Every structure is written in C-alpha cells, then in structure tokens.
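Undergrad:
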Amino acid sequence: MVNPSEMVQTLRNSFNSGKTKPVEYRLKQLKALLRLYEENTNEMLQALATDLHKSKQEAVTMETQYLINDLKNTISNLKNWVKPERPPKEFVNLLDSLYVYNDPYGVVLVMGAWNYPIQLTLLPVAGAIAAGNCVVIKPSEIAVASAKFIAEKIPKYLDSDCYQVFEGGIPETTQLLREKFDYIFYTGSTSVGQIVHAAANKNLTPVTLELGGKSPVYLDKTANLKVATKRIIWGKCVNAGQTCVAPDYLICTKDVRDKFVECAGQVLRDFYGDDPKQSPDLGRIVSDRQFQRLVGLLQNHKPAVGGRFDAAERYMEPTILTDVKRDDKVMQEEVFGPILPIVTVNDAYEAVKFINSREKPLVSYIFSNNKKDVQLLIDNTSSGGVLVNDTIMHMATDMPFGGVGLSGMGSYHAKYTFDTFSHKKSCLYKDLGFIGETLGSARYPPYSEGKLKL
Ligand code: NAD
Numbered sequence: 001m002v003n004p005s006e007m008v009q010t011l012r013n014s015f016n017s018g019k020t021k022p023v024e025y026r027l028k029q030l031k032a033l034l035r036l037y038e039e040n041t042n043e044m045l046q047a048l049a050t051d052l053h054k055s056k057q058e059a060v061t062m063e064t065q066y067l068i069n070d071l072k073n074t075i076s077n078l079k080n081w082v083k084p085e086r087p088p089k090e091f092v093n094l095l096d097s098l099y100v101y102n103d104p105y106g107v108v109l110v111m112g113a114w115n116y117p118i119q120l121t122l123l124p125v126a127g128a129i130a131a132g133n134c135v136v137i138k139p140s141e142i143a144v145a146s147a148k149f150i151a152e153k154i155p156k157y158l159d160s161d162c163y164q165v166f167e168g169g170i171p172e173t174t175q176l177l178r179e180k181f182d183y184i185f186y187t188g189s190t191s192v193g194q195i196v197h198a199a200a201n202k203n204l205t206p207v208t209l210e211l212g213g214k215s216p217v218y219l220d221k222t223a224n225l226k227v228a229t230k231r232i233i234w235g236k237c238v239n240a241g242q243t244c245v246a247p248d249y250l251i252c253t254k255d256v257r258d259k260f261v262e263c264a265g266q267v268l269r270d271f272y273g274d275d276p277k278q279s280p281d282l283g284r285i286v287s288d289r290q291f292q293r294l295v296g297l298l299q300n301h302k303p304a305v306g307g308r309f310d311a312a313e314r315y316m317e318p319t320i321l322t323d324v325k326r327d328d329k330v331m332q333e334e335v336f337g338p339i340l341p342i343v344t345v346n347d348a349y350e351a352v353k354f355i356n357s358r359e360k361p362l363v364s365y366i367f368s369n370n371k372k373d374v375q376l377l378i379d380n381t382s383s384g385g386v387l388v389n390d391t392i393m394h395m396a397t398d399m400p401f402g403g404v405g406l407s408g409m410g411s412y413h414a415k416y417t418f419d420t421f422s423h424k425k426s427c428l429y430k431d432l433g434f435i436g437e438t439l440g441s442a443r444y445p446p447y448s449e450g451k452l453k454l
C-alpha cells in the first residue's frame, strides 16, 4: 500500500510551492483531463459494463459525456470564475476596495462511490483542480474495474506532484482519513459519511457530504398517468436502481396506486420486454452483498409486479410492492435497487405529514398538475432538491446539487463545484490617505457622545 502520509506530504509540498495557483497551470491540467476522457471513452464504457453491466446509453449520458460537458464548461469559464468578486460598498468604505478572493483550500481528498464510479469520483476532482487545489483521489474499491481505470490513467495525464490516486478498501481508507486534509469531499452512504465527518472534525476540516436516503415520489390523479409512470419507472430502473436520486418509494392514494401498478406493468414490458433479464438495457447489482440485501427487502412480500431474481447474475427484476407497511424493512432503509414500494395516503396533506415523519431526503419528486398541492409539498417539506413532474433530470441542470440533514451537506455541479473547493477570502483594502483617515478618525479614543452620532 502507498504510504498515505508520504502521499499527502508530497502534495502539500507541491501546494506550498505555489505550483497550482496560476490559472494557466490549472487549465493545462483540466485540458489533460479532457484528453483522458476523450481518448479513453471506450475503456471507460468497458469498465462500467464490467462493474455494473451498464448499458452504453446510460454510461455515455450519465458518466462519460456528463464528465466531458462539465469539464468543457469549467474550462471555458474558469478565467471568469477565478476573478475576485467585488461586493457592493457601504458609505464608510467609499474610498476603499473590497475583494472576495477564491482561495484554494490546499490538499483535498475526494472519495467516490461505486454506483457511478467514474463520474462521481472525477467530477469533483475537476472542480478541485479548477479551484487550484492538490487532490488525493480515492475511487470506490467496490467498482473494481472503474477504480483500476482511474488508478492507471490519472498518472498518465495529470501532474503526479499534485494529483494522486489512493486505492484501497476500509482499512486503507481508515488510515488515509487519519491524515490532515484541507477539505474532504465524500460521496456514499450516510453511515460512512458520519465516519468521514468524525475524522474531519479532528482537524475542523470542512466537508461536503453527498449522501443518500429515501427520496419520495408523490403522484396524484391530476398527473398524466402514462407519462408519469414512464418517468418514475425509468428513474427507478436506471443503473438497476443504484442511483442516489432514484425515486425510492411512491406515495399516492389507493385508486392512483391501482392505476399506476397496471400502467407500470405495461411500461416495463415496453422498456425491457417480457423477460427483462434478457434486456441489454437493464443493469446488474454491483456485488453479492448488495444483492443479498435486496433479496432480504423482498422477504414477506408478495410483489404486485416482478419479483424474480437470479443470484448467479446478480439480476433483480424491476419489482413493485403494494403490501407495504410503514415499518417494513423496505420502508426503513434506502432501497438502492429496482424495487418500488408504494405507501398510500388520503391526500397531499397526509403525504406532507408522512414525508416529514422521515429523515430529510436527497430529492422529493412530485407528479401533479394541481399547482396548489405542488406548492403545498414544496413549501412544507425539506429535501436536498425538488423535481416536479420528472425524475433525475435535475442532474442535467447547472443548479446546486446536494442533500440536507442525513442526505448530506454542501452542494456542487458546474460553478458550484468550483465554489465548493474555493475558500471565499474577504479582503478589505483601506485607503491610507488624509481624507480616509479623517473620515475614519471618529473610532479613536477619547470616545464621546458626539462621536457616537457620526
Ligand atoms: P461505497 O461502499 O463505494 O463507499 C463510498 C466510499 O467510502 C468508498 O470510497 C469507500 O472506500 C469508502 N468507505 C466505505 N466504508 C468505509 C469505512 N468504514 N470507513 C472509511 N471509508 C469507507 O459506496 P456506498 O456507501 O455503498 O454508496 C451508496 C450510497 O451512496 C447510497 O446511500 C447512495 O444514495 C449514496 N450516494 C450518494 C450520492 C450523492 O451524490 N448524494 C451519489 C451516489 C451514491
């Protein structure tokens, strides 16, 4: 194993030398990263197929092209982003200059998760480079082929004095987290997020935690059922449900539930044919451990749709559960697989109450054409984000993405990634001349009632 202390020290020496500060240097590294993506797209697709049986279309739209688009945007905007902001001035500062500098933090750690193993690791890395940091890159060891790809390619394209890959599982990562970092960006489960937070706390290291949770979908009778069902089922089945923003469970009235189940059966046949196992478009579960966990969630349930699985292939058929009680296991933990439990309520008010009785989700989905109820849900629930009448597509905007409460802290994407990895350093540049000194002299003793009125 690479010695984590030596790795961090190498990067710290490089950071302290000022090497990563010039914007030209950062742009050179970002362009090299872009070349890495463009010259190795097929290898990336291969690694993703090996790890998750990811179809080409999902891998291109949600990993390779997603990374390329984000990086091109960063490269073309970086010179503007790095400029110090000039905030508005108060009367007392009229003669002064105010700047908010975007300072790099120093040596940052980026830890990725296995479900979008290349994108979730390298998207934040690009932001950290853009902001002028040195970076320890820690891919998830669960996605073996993707981790290997990252570990092999990064040293070939990026400056190893400043950016290094650290590979390993829990024992190695535990050791890595003993090092002092200037920022930690973690993507993964809430329970490991708590471990990372505790480790960061020793040095008061700031963190972004991109976590998970049970993201609800509220569906009412005013929504176009066919379109809504397609969007919900697609969001649930992309990457075989192993998506942090997958709709976790459906919440609706009993009559909507019955219509949805009927429609979902047809939509699933349209998407994946009569035997989804044969479809090249449906992914597989990443590991035996995750697979067995999902099988456990099905126990004691009689699926309304689907329910078949095959351990040899880690295949899980898209499955809908209607006989769900609120304290069933499937309603207690994040599903993170192609299983959709449905809970029923009488109206939008009850849905609000139900959502608020749970931990704050990463995203709340609302399918409705009733503007009053949509606003009721938006105004009275807390979640990382809200998407009305679709699933997952908020990831294709440049809005800040992140959780709240147990679904995470901090956010990123587009310019927000650059901001995440930049310390906002305020600088007040005073005037030392006669007028400035005269204007400011009321602050000096001896104090008086007269000076207080100025
Ligand atoms: P994972 O097992 O790949 O873990 C993530 C990282 O944590 C890896 O780098 C791993 O090496 C490290 N790790 C694991 N256990 C550790 C420990 N005990 N101590 C130190 N480091 C440890 O991924 P996961 O946690 O199974 O990911 C799935 C979860 O991630 C789901 O809850 C999902 O919702 C969430 N997620 C969130 C986002 C987001 O952007 N908010 C994206 C993807 C996944």
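Numbering-wise, UniProt numbering puts 321 at position 321 of the sequence shown, and it's gapless, one number per residue.
All residues carry an ideal CB built from backbone N, CA and C; glycine is no exception.
Predicted model only: the values in this text are computed from it and were never measured.
1) Taking the beta strand (DSSP E) that Val-341 falls in, what are its first and last residues?
2) If I measure Cβ to Cβ from Cys-237 and keep anything under 6 Å in the same chain, skipping five residues before and after, which residues do I get?
3) Pull up the DSSP beta-bridge partners for Asn-102, would you.
4) Run the CB neighbour count on Arg-257, radius 10 Å, all protein chains shown included, and call it buried at 16 or more, exposed below.
5) Kindly give me the distance between the Cβ atoms of Gly-235 and Ile-392, rounded to whole angstroms, as I take these residues to be in contact under 8 Å.
6) Could you check what DSSP says for Asp-310 in three-state terms: helix, strand or coil?
7) For Glu-63, verify whether its CB is less than 7 Å away from any heavy atom of ligand 1.
8) At the level of alpha carbons, what is the spacing between Ala-59 and Glu-172?
9) Only counting runs of 4 or more residues, tell me where the alpha helix (DSSP H) segments fall wholly within the segment 146-197, in order along the chain.
10) Which two residues bound the contiguous alpha helix (DSSP H) that contains Ile-232?
11) My understanding is that Val-330 touches Val-343, with C-beta atoms under 8 Å, so please give their C-beta distance in whole angstroms.
12) Note down the Cα distance separating Gln-29 from Val-136, rounded to an integer number of angstroms.
13) Count the other C-beta atoms from every protein chain shown that fall within 10 angstroms of the C-beta of Asn-239, then say buried if there are 16 or more, exposed otherwise.
14) Looking at ligand 1, does it come within less than 7 Å of Phe-392, judged from the CB to the closest heavy atom?
15) How about Met-399: is its C-beta nearer than 8 Å to some C-beta of chain B?
16) Tell me, which residues are paired with Glu-85 by DSSP?
17) For the putative contact between residue 456 and Thr-229, defined by C-beta atoms under 8 Å, what is the C-beta separation to the nearest angstrom?
18) For Glu-317, list the residues DSSP reports as bridge partners.
19) In terms of alpha-carbon separation, which member of Asn-93, Asn-40, Phe-354 and Tyr-37 lies closest to Leu-439?
20) Buried or exposed: Met-1, going by 16 or more other Cβ atoms within 10 Å of its Cβ?
21) If I measure Cβ to Cβ from Lys-72 and keep anything under 8 Å in the same chain, skipping five residues before and after, which residues do I get?
22) Name the residue from Phe-336, Phe-149, Ala-396 and Gly-169 whose alpha carbon lies nearest to the alpha carbon of Thr-50.
23) Taking the CB atoms as reference points, tell me whether Ser-383 and Val-404 lie closer together than 8 Å.
24) With hydrogens ignored, establish whether the beta-carbon of Lys-202 is closer than 7 Å to any heavy atom of ligand 1.
25) Considering only residues of the same chain and omitting the five flanking positions on each side of Ile-285, which have a CB-CB separation below 8 Å?
26) According to the neighbour-count rule (16 or more other Cβ atoms, all chains shown, within 10 Å of its Cβ), is Val-227 buried or exposed?
27) Can at least three beta-carbon pairs, one atom from the segment 184-203 and one from the segment 106-113, be found at a separation below 8 Å?
28) Per DSSP, what kind of secondary structure is Cys-252 in: helix, strand or coil?
29) In the structure shown, what three-state DSSP assignment does Ser-364 receive?
30) Between Ser-287 and ligand 1, is the CB less than 7 Å from at least one heavy atom?
31) In the DSSP assignment, find the unbroken beta strand (DSSP E) run with Gly-385 in it and report its ends.
32) Have a look at Lys-425, Glu-437 and Pro-445 and flag the residue whose alpha-carbon is nearest the alpha-carbon of Glu-85.
33) Reducing DSSP to helix, strand and coil, say where Glu-333 ends up.
34) If the criterion is Cβ atoms closer than 8 Å, does the pair Gly-436 and Leu-95 meet it?
35) For the beta strand (DSSP E) containing Met-111, name the first residue and the last one.
TA: From the atom records:
1) A quick correction: the sequence has Pro, not Val, at residue 341. 339-344 is the extent of the beta strand (DSSP E) around Pro-341.
2) Pro-318 and Pro-338
3) Lys-424
4) buried
5) 5 Å
6) strand
7) no
8) 29 Å
9) List check, alpha helix (DSSP H) in window: 170-176.
10) 225-237
11) Contact flag wrong, Cβ pair sits at about 10 Å.
12) 15 Å
13) The residue in question, Asn-239, is buried, as its Cβ has 16 or more Cβ neighbours within 10 Å.
14) Per the sequence shown, the amino acid found at residue 392 is Ile instead of Phe. No, ligand 1 has no heavy atom inside 7 Å of this Cβ.
15) Structure shown: chain B not included; a single protein chain is present.
16) Val-100
17) Since the first and last residues shown for the chain are 1 and 454, residue 456 lies out of range.
18) DSSP, once it has assigned bridges, lists no residue as partnering Glu-317.
19) Asn-93
20) exposed
21) Leu-34
22) Of the listed residues, the one whose Cα sits closest to Thr-50 is Phe-149.
23) yes
24) Checking the Cβ of Lys-202 against ligand 1 gives no.
25) Ala-240, Gln-242, Phe-291, Leu-294, Arg-314, Tyr-315, Met-316 and Gly-337
26) With fewer than 16 Cβ atoms within 10 Å of its Cβ, Val-227 is classed as exposed.
27) yes
28) strand
29) strand
30) no
31) 385-388
32) Minimum Cα distance to Glu-85 is reached at Lys-425.
33) It is coil, neither helix nor strand.
34) yes
35) 107-111
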